[in-house]
Amino acid sequence: MNLIIVSNREPYRAERVRGTYKLEKTIGGLVSAFEPLLREKGGKWICWGRKRKGQPDQLKVNEKFSIHYVPLTSADVSEYYYGFSNETLWPLCHMFLTRTHFNDSYWKGYRRVNRKFAKVVVENWESGSKVLVNDYHLALVPQLLREHGVTDPIYFFWHIPFPPYFMMRFLPSRREILEGILGADVIGFHTQHYVDNFLSCVREILGAMYDDNIVFWNGRKIEVRAVPIGLDSELWKSLSVNTRVIRYASNLRKRLNVEFVGVGVDRLDYTKGLEEKFRGIGRFFEKYPSFRGKVSFIQIAAPTRTKLEDYVDIKRRTDEIVGMIEGRFGEPGWVPIYYYYKNYPDERLASLYRMADFALVTPLIDGLNLVSKEYVATQVDGDGVLILSEFAGASIQLRDGAIIVNPFDEEEIAEAVYMALKMKRRERRERMMQMREVVLTEDINWWIREFMK
Ligand code: GDG
């Protein structure tokens, strides 16, 4: 299959070192899912990319896989990316109405950049290609491609929650967004719940008819599917048996010198619920003082969208609450929460996942959440407990194995940590086995088969 992936995010940061480009994988769910696939199977990736001066418009990763950049101006970046994508659609879709900015210049920038993306796709498209357009940054691209005569199936996947009608109706450009998406032949979401939201939006806002998961629009039939994205499970399995990963994990475990270790990995985004998670951990140490000195929690908080005020604010609040917990419960020789505001390579994440007794994944709302699946995939010994938010899309697939919590309820988080630490080995293994079955079977190859069939 000749696959063209279209996304805002570049799969790599390219840095020129002695005449060639050193490629470093970027952080985020979409890249984690598709980068290994294209590296192995080949294809084209069309993205914005923070192109460095003098960098060509295309980069070859290997013989089969090339990257094609869409040139954007600084006005484009601030209006389309920081503005409409991340200050309008992102908060609206995650139900943060009070953080949602409605601004006409953001919308104009978004339309302009979606046209730029469509142009580069058309230049790279040839008959027989399958085009997969990704996410809320590029909702207008499917319809623009259709207008440019792209005839082969156009797939569109929306990686974040799709809001219910009562939220979507606040958006002044709601019609254009829905019409743009309906340019695709197949539209995907992580859960049936988001599919239902999308269907009720097209009915209420556009007056479109649908039957089951098929929308009838402009004389076309468009299929809407719920297919939760999967991991490159082979990659995570192999990382977790890599000798460097194991050595690092066991050395770190010794150095931590506690009975139990928990782990969390999130972009530092207000949707990921870090503040609430830390409150839950604080409550746990308050309620169960006998565990002080025996449990440490490691949190990776990867910097993201650092230019936006909301993200500066969440960073400040998270720093503060970690400081409060350290100050209140910490003792010389014991740290309750190790908190790192930086990026780590996948290998390091695999070590952290492997050595942790439990993972605390508690987004306030999340399209799916790949970290929960990565934790499960790396538990090759079949042990470990996953505590997962009921508002992460992944909770539908993992609900039989994970301890499911309401992330807004610090009491429930504290109880879940206690339950994880007290859980008998047999129950831990049974739950983990159930989750591994899902994560390893419904992986990225399964997703491609199911979504792009
Ligand atoms: C969006 C949706 C949906 C994080 N820190 C580091 C690092 N990461 C990697 C994780 C994981 C990915 O980033 C994050 O994926 P999530 O799924 O948790 O969340 P989003 O970035 O918000 O992704 C989400 C996803 O798209 C896919 O559809 O699940 O709901 O919001 O893979 O491991 N990776 C490395 N270093 C870090 O410091 N190497």
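Using the numbering used here, the first residue of the sequence shown is number 635, and each one after it goes up by one.
Quick reminder that beta carbons are idealized off the backbone N, C-alpha and C, glycines included.
All values reported here derive from a predicted model rather than from experimental measurement.
Select from G1016, I1078 and V899 the residue whose C-alpha is nearest the C-alpha of K976. Cα-wise, what sits closest to K976 is V899.
For ligand 1, I want to know if G1001 counts as a neighbour, meaning its beta carbon is within less than 7 Å of at least one of the ligand's heavy atoms. The answer is yes for G1001.
Reduced DSSP category for H824 - H, G, I as helix; E, B as strand; rest coil: In the structure shown, H824 sits in coil (DSSP, three-state: anything other than H, G, I, E or B).
Out of T785, L723 and L865, which one is the CA nearest neighbour of L812? Taking only the C-alpha atoms, the option nearest L812 is L723.
For the alpha helix (DSSP H) that W1144 lies in, which residues bound it at each end? Since the displayed the chain opens at 635 and closes at 1087, residue 1144 lies outside it and no answer follows.
H702, DSSP secondary structure in three states: The answer is strand: DSSP assigns H702 an E or B state.
Consider the Cβ of Y922: report whether some Cβ of chain B lies at a distance smaller than 8 Å. Looking at the structure shown, chain B is missing, and only one protein chain is on hand.
Start and end residues, beta strand (DSSP E) containing W851: Where W851 is concerned, the enclosing beta strand (DSSP E) stretches over I848 to W851.
Please list the segments of the alpha helix (DSSP H) lying wholly inside the region 1019 to 1076, counting only runs of 4 or more residues, in order along the chain. Within the region 1019 to 1076, the alpha helix (DSSP H) runs of at least 4 residues that lie entirely inside it are, in chain order, 1029 to 1032, 1044 to 1056 and 1059 to 1075.
Hey, out of D980, R962 and K949, whose CA is closest to Y973's CA? Comparing C-alpha distances from Y973 to each of D980, R962 and K949 shows the shortest one belongs to K949.
Any chance the region 739 to 754 sits against the region 705 to 717, with 3 or more Cβ pairs inside 8 Å? Three or more Cβ pairs closer than 8 Å define a contact, and the region 739 to 754 meets that threshold against the region 705 to 717.
Tell me whether M958 sits in a helix, a strand or coil according to DSSP, three-state version. Looking at M958 - three-state DSSP - the assignment turns out to be helix.
Alpha carbons only, please: which of L865, L779 and F925 is nearest the one belonging to N758? Checked all of L865, L779 and F925; the closest Cα to N758 is L779.
Starting from A860, trace the beta strand (DSSP E) in both directions and tell me its first and last residue. Per DSSP, A860 belongs to the beta strand (DSSP E) from R854 to A860.
Outcome for M958 when other beta-carbon atoms lying within 10 angstroms are tallied against a minimum of 16: Exposed, because fewer than 16 other Cβ atoms sit within 10 Å of the Cβ of M958.
Reducing DSSP to helix, strand and coil, say where G762 ends up. Residue state, collapsed to three classes: coil.
Contact defined as beta carbons within less than 8 Å: I believe L671 pairs with I1078. What is the distance between those atoms, to the nearest angstrom? About 6 Å; that satisfies the 8 Å criterion.
So L1002 and H824 are in contact, right, with Cβ under 8 Å, and what is the actual spacing, rounded? Between H824 and L1002 the Cβ distance is about 4 Å, and since that is below 8 Å, they are a contact.
Could you check where the alpha helix (DSSP H) with G885 kicks off and where it finishes? Looking at the sequence itself, residue 885 is Asn, so the reference to Gly does not match. Where N885 is concerned, the enclosing alpha helix (DSSP H) stretches over T877 to L890.
Proximity below 8 Å, CB of F992 to CB of G1018: Cβ atoms of F992 and G1018: closer than 8 Å.
Closest to S884 by C-alpha separation, out of T940, Y987 and R647, would be which residue? Of T940, Y987 and R647, the residue nearest in Cα terms is Y987.
Three-state secondary structure assigned by DSSP to K723: Note that residue 723 corresponds to Leu in the displayed sequence, not to Lys. It is helical.
Mind checking whether A936 and L902 have CB atoms under 8 Å apart? With respect to L902, A936 sits close: the two C-beta atoms are nearer than 8 Å.
Beta-carbon within less than 6 Å of K921's beta-carbon, same chain only, minus the 5 sequence neighbours each way: which residues are those? Excluding positions up to five away in sequence, the list reads A1048.
DSSP puts G896 in a beta bridge; with which residues? Beta bridge pairing from DSSP links G896 with F931 and F992.
If you measure between the beta carbons of N592 and V858, is that distance less than 8 Å? Shown here, the chain extends from 635 to 1087; a query on residue 592 therefore has no answer.
Is the closest heavy atom of ligand 1 to the C-beta of I644 under 7 Å? For the sequence presented, residue 644 should be read as Glu rather than Ile. E644 Cβ: outside cutoff for every heavy atom of ligand 1.
Using the beta-carbon count (16 or more within 10 Å), is S739 buried or exposed? Burial call: exposed.
At a cut-off of 7 Å, is D944 close to ligand 1 when judged by its beta-carbon and the heavy atoms of the ligand? At a threshold of 7 Å, D944 does not count as near ligand 1, since its beta carbon sits no closer than that to any of the ligand's heavy atoms.
Could you tell me if the beta carbon of I839 falls within a distance shorter than 7 Å of some heavy atom in ligand 1? Checking every heavy atom of ligand 1 against the Cβ of I839, none is found closer than 7 Å.
In terms of alpha-carbon separation, which member of K1058, H735, I999 and Y1052 lies closest to E943? Ranked by Cα distance from E943, the options K1058, H735, I999 and Y1052 are led by H735.
Which residues DSSP lists as bridging C835, in chain order: Paired residues: none, contrary to the question.
For ligand 1, is there a heavy atom less than 7 Å away from the beta-carbon of R1083? Incorrect: R1083 has no Cβ contact closer than 7 Å to ligand 1.
What does a CB cutoff of less than 8 Å around Y828 pick up in its chain, not counting 5 residues either side in sequence? Here the set comprises W792, P795, F796, A860, G1001 and G1027.
Exposed unless 16 or more other CB atoms sit within 10 angstroms - verdict on E910: Buried, since its Cβ has 16 or more Cβ neighbours within 10 Å.
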